[in-house]
Structure formats: C-alpha cells, structure tokens
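Have a look at the structure below before the remarks.
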Amino acid sequence: MPELPEVETICRGLRQVLPGREIVTVEVLESRLRCRVPRDFARELEGRVFTDIRRRGKYLLISLAPDRVWIAHLGMSGKLIYVKTTYPRERHDHIIATLDNGHELRYHDPRRFGFSVVVREAQVDEVPQIRHLGPEPFDEEFHDRYLYDLASHSRRMIKDFITDQRILVGLGNIYANEALFHAGIRPTRRAWRVGRSGIKRIAEAIPRILQEAISWRGTSFSDYRDGEDRKGGFQEHLLVYGREGEECRVCSGRIKSVPIGNRSSFYCPSCQK
DNA sequence: CGGTGGACCTGCTGGC
DNA sequence: TGCCAGCAGGTCCACC
C-alpha cells in the first residue's frame, strides 16, 4: 500500500499527537506476524514515552524514551492509526497500544506483509532493512548525476530500477509510473539506454511528484488511510496509474498497461518514448 | 553478479 | 445469483 507520500503523511499526523504520550499496555492480537514481531514486543514498549516520529524510505521510525525505536513497515495493506479507545475495533487490528490519554495506536494489516521490530536508537542503522536503503529523494545526495552513474551501468528496465530501494527510497508502483510519465520515458526502457537528458528529467520528476502527492496527503484506492484513518486525495490527480484504456490527460491517446516483473505498469505510448 | 519468478496473505472485482 | 480467477500500494528468496 503505502509509498513515500503515504508514509510521510502518516508520520506527520502521528508527530502531532504522539510525543509526550505514554504507552500503558500493548496487546498483540495476532501471533502470525511472520516472526517479525518478537515475543517480547509488548514488554519492550510498555511504560515508554513517545519522543519523535520520523520516516526513512517507507519505514516509520517511532522513538520512545528511554532508548527504543519501533521500526514499522506497513507492507501492502497496513495502517497505523491513532484513535479514541471507543473507536470501533476491526478484524485484522493486530497490535493495539493503549496510551495514557484515552487513545490507542492501532496497527491493522489484513495481508500481514508489514513488519515491526523494536531496537535501541544506536541499532537503527544496523537493521538489515534500513542499512541497505539508498538516498532519500529530497536529499542533496540524490541528483541527476548520481542517478545517471548508476543507471548507465544497469541493464534493468527503468521502472524496475527506480523502484529498487537500494537505488533510492520511496517509489513504489504508483509513483514510479507517474514519475516516468512526467519524464516522458517508457517504463520498459533499459536504464542504460534512457540517456542523460532522460535521467535528468526522471531525477527532477521524482521529488516533484512525491511532493505533490504529499500535499494531497497521499493516494487512497481502498486500503490506505493516514494516521487519523482518513483517505488521501492524490488518486484524483494520477495521470497514468490505474488508467489503462482511458484517455491521456495530455494528448488524449489511450493509456496502456504492460506487466513488468509480476506488476502492472502504465504509460502513454505517444507521450512516453 | 544480475535478472526472473514465485512466495508470502486477505479481500475485492469482474467475467462467466 | 454465485463462483472463481485474477489482481492489489511491497519485500524477500531460491534459482538459473
């Protein structure tokens, strides 16, 4: 489900309400979380106080004093919501942290692709999932030259390349397709054949499209909700993703779909070469 | 090493 | 109306 804009939206929302709150109790209602939630997960969190909520790629890093970080990835269908204790519980609410102010932080994930782990602050960068992540698209180290140096040595399809979280973090199926549309490049082009000007357009389109999606609080089709269980609005502004057979909003041609590695990619044959 | 294809899950939709 | 194949925002691993 969530790509960078959705995780960023959740992050900003939780940052408004969690710092200073104490976790009183934690219930882990689902034991089949693919061994990614340690048995002592609840005890690691109980009695601690939220300090800071930040994001690294598609991961939420939730700091708690003294000296713990709850690292959460929401997979395809995960939600992390802050609601009153009276807010109706649902099927697939797997982890419920009861706070000291009549609210709960609930981790909900029907498909259970997400994962959670609790580590010490100093260990965050050593966690394998975090250690191998590439630069943030909004950081200075991510620029067209960086992307070109890597792309010029890669024979992979460009869409596959830019969704590799080791190259850069944050892009998933929606925003990779959108960024390539904005750059005028077909998702099936081999990375090394995109060329310098094409890579430059991609490197510029990525942060732009992500920023725009953040301003709309992310994209919601069915599952995605922010930290207050509300939908995002960017689905109204998508130009190619999920629009197979519909009219291109730029040239009125028909949007096509092509599978890349078990996943649909969308593009406009006349706008993207 | 790189690239591919399947596995991991539940739920919803569309076609028959 | 009902059933079932196919597909969904992500990662990881085995295999060639």
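Our numbering puts the first sequence at residues 5 to 277.
For each residue, glycine too, the CB sits at the ideal point set by N, CA and C.
9 Å or more divides the Cβ of Val198 from the Cβ of Gly61. Sorting Ile57, Thr13 and Glu48 by C-alpha distance to the C-alpha of Gly24 places Ile57 at the top.
Judged by their CB atoms, Trp196 and Arg159 are nearer to each other than the 9 Å cut-off. In this structure, Ala180 keeps its C-beta atom at 9 Å or more from the C-beta atom of Glu208. Taking a C-beta distance under 9 Å as the contact criterion, Leu64 and Val11 qualify as a contact pair. Cβ contact annotation for Ser156 (same chain, cutoff 6 Å, sequence separation greater than five): Trp196, in chain order. Taking the Cα of Ser274 as reference, the smallest distance to any Cα among Gln169, Val262 and Cys252 is reached at Cys252. Between Tyr111 and Ile99, the C-beta gap is smaller than 9 Å, which places the two residues in contact. Residue ranges of uninterrupted alpha helix (DSSP H) with 4 or more members, entirely inside the segment 114-159 and ordered along the chain, are 132-135 and 148-155. Under the three-pair Cβ rule at 8 Å, the segment 211-231 counts as touching the segment 13-30. Per DSSP, the continuous alpha helix (DSSP H) segment holding Thr13 begins and ends at Leu8 to Val21. Under the three-state reduction of DSSP, Lys62 is assigned to coil, being neither helix nor strand.
Counting the other Cβ atoms within 10 Å of the Cβ of Val73 gives 16 or more, which makes it buried.
Shown here, Arg110 sits in a strand according to DSSP, grouped into three states.
C-alpha of Thr167 to C-alpha of Thr89: approximately 37 Å in a straight line. Here Ser256 is exposed. Its C-beta has fewer than 16 other C-beta atoms within 10 Å. When the Cα atoms are used, Val30 and Leu37 turn out to be separated by approximately 15 Å. Of the candidates His107, Phe185, Leu137 and Ala76, Phe185 places its Cα closest to the Cα of Arg212. Less than 9 Å separates the beta-carbon of Gln169 from that of His136.
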